[in-house]
Amino acid sequence: MKLRPMADNVLLKTTEATETTASGIILATTSKEKPAIYEVVAVGPGTKDVEMIVTPGTKVVVSKFVGTDVTLDKVDYKFVKQDEILAIAE
Numbered sequence: 013m014k015l016r017p018m019a020d021n022v023l024l025k026t027t028e029a030t031e032t033t034a035s036g037i038i039l040a041t042t043s044k045e046k047p048a049i050y051e052v053v054a055v056g057p058g059t060k061d062v063e064m065i066v067t068p069g070t071k072v073v074v075s076k077f078v079g080t081d082v083t084l085d086k087v088d089y090k091f092v093k094q095d096e097i098l099a100i101a102e
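Structure below.
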């Protein structure tokens, strides 16, 4: 199954945040909060009033309380409106 956003919706996928110590030990992230940085997977076509400026592959920052969470094929996704994106991570 494939998800395709409609209107000005954006489909986001959680980026895996691995944390490594100075000596190279990778720390487990299971006990931490989910990161607020997501990767754009798909973008809707926009509307007459909203031009889409994000593109697939872009890393973005969103608030942790926005959007609709969806799990498909054991992968967590989040649908948000483009105006709910706080920043583009460069």
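Position in the sequence shown counted from 1, then plus 12, gives you the working numbering.
For glycine and all other residues, C-beta sits at the position ideal for the given N, C-alpha and C.
Since we're looking at a predicted model, the values are computed, not measured.
- Scanning its chain for C-beta atoms nearer than 6 Å, with the 5 sequence neighbours on each side dropped, one finds around Ala19 the residues Gly56 and Thr59, in chain order.
- Taking the Cα positions, Gly69 is about 17 Å away from Glu96.
- Residue state for Glu102 is assigned as coil, using DSSP reduced to three classes.
- A direct Cα-Cα distance of roughly 23 Å separates Val72 from Asp85.
- Going by beta carbons, Tyr89 and Val82 fall inside the 8 Å limit.
- Between Val52 and Leu24, the C-beta gap is smaller than 8 Å, which places the two residues in contact.
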